[in-house]
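Peer 1:
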Amino acid sequence: GYRVSLQGSFFGHNHMYITFSEYSPRQHIKLDPPLNIQSNASASKCQIWWSVPWYLADILQYELQYKEYSMSWEMALNKTPPSPEPQIDIEAAELRSGVPYVARVRCKVSEHEDSYHSQWSEWSQTTVFQRAGVPKLSEKTLNTRTMHYLFIPLSFGILVYLFWNCKLSSRYCCFLTSGQKASPALTFPHQLLSFSHSIIYTTGILR
């Protein structure tokens, strides 16, 4: 260790004061802040990473702060990475969609490290990110699908209706004589059949 002393001249006399009788530089370290902080946001999470000197990577711990861009740092939230790796994920549930955020990080020697001790570094530069929105179906796609769902059961219902009407009308045909003229009620199933063909054709075009 080292002995740190303070020497000065007071009223014409020199005096020496011992400030630290045993001083160990390893126990009083202040590191430089992390560098190159970057971010990548998706619809599920935001990944943030940074860089530190390789020879310090295994003994450091980090603290991340993030906030909405328009707010002050006093309102920021803190996160601690679960591992010594210089990166962290922020889940989408912690972020508001469409709102820009800003983040920064600082570091110090891990509390589990016995050989060194340090205080927190200054905060790093910031990175700005925004949660990506969930892709939505276009209005045209939604309308097309809606038409499909409506036409398919409607066509099926008409076909069932035609089947039963044709079956019933066949019973009356045997009572018609050669001099009789078919009533409009008997020709109605043929009109419905023609209408159902046009519906099926339209459904095919929508697909």
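Heads up, the working numbering is the position in the sequence shown plus 23, with the first residue counted as 1.
We put the beta carbon where it would ideally sit given N, CA and C, even for glycine.
Opposite V128 in the DSSP bridges: which residues?
Peer 2: Answer is L87.
Peer 1: Would a check of beta-carbon distances place L118 closer than 7 Å to chain D?
Peer 2: Although the question refers to chain D, the structure presented lacks it and comprises just one protein chain.
Peer 1: Reducing DSSP to helix, strand and coil, say where S144 ends up.
Peer 2: Coil, per DSSP.
Peer 1: I'd like to know whether the C-beta atoms of S62 and T150 end up nearer to each other than 7 Å.
Peer 2: Cβ atoms of S62 and T150: closer than 7 Å.
Peer 1: Going straight from the alpha carbon of K204 to that of S178, what length do you get?
Peer 2: In this predicted model, K204 has a pLDDT of only 49, less than 50, meaning its place in the structure is not dependable; the value taken from the coordinates is given anyway. Their backbone Cα atoms lie some 30 Å apart in a straight line.
Peer 1: Please work out which residues of its chain come closer than 7 Å, Cβ to Cβ, to E91, disregarding the five sequence neighbours upstream and downstream, and give them in chain order.
Peer 2: The answer, listed in chain order, is V122 and Y124.
Peer 1: By the three-class DSSP mapping on this structure, what secondary structure does S178 have?
Peer 2: Here S178 sits in helix by DSSP.
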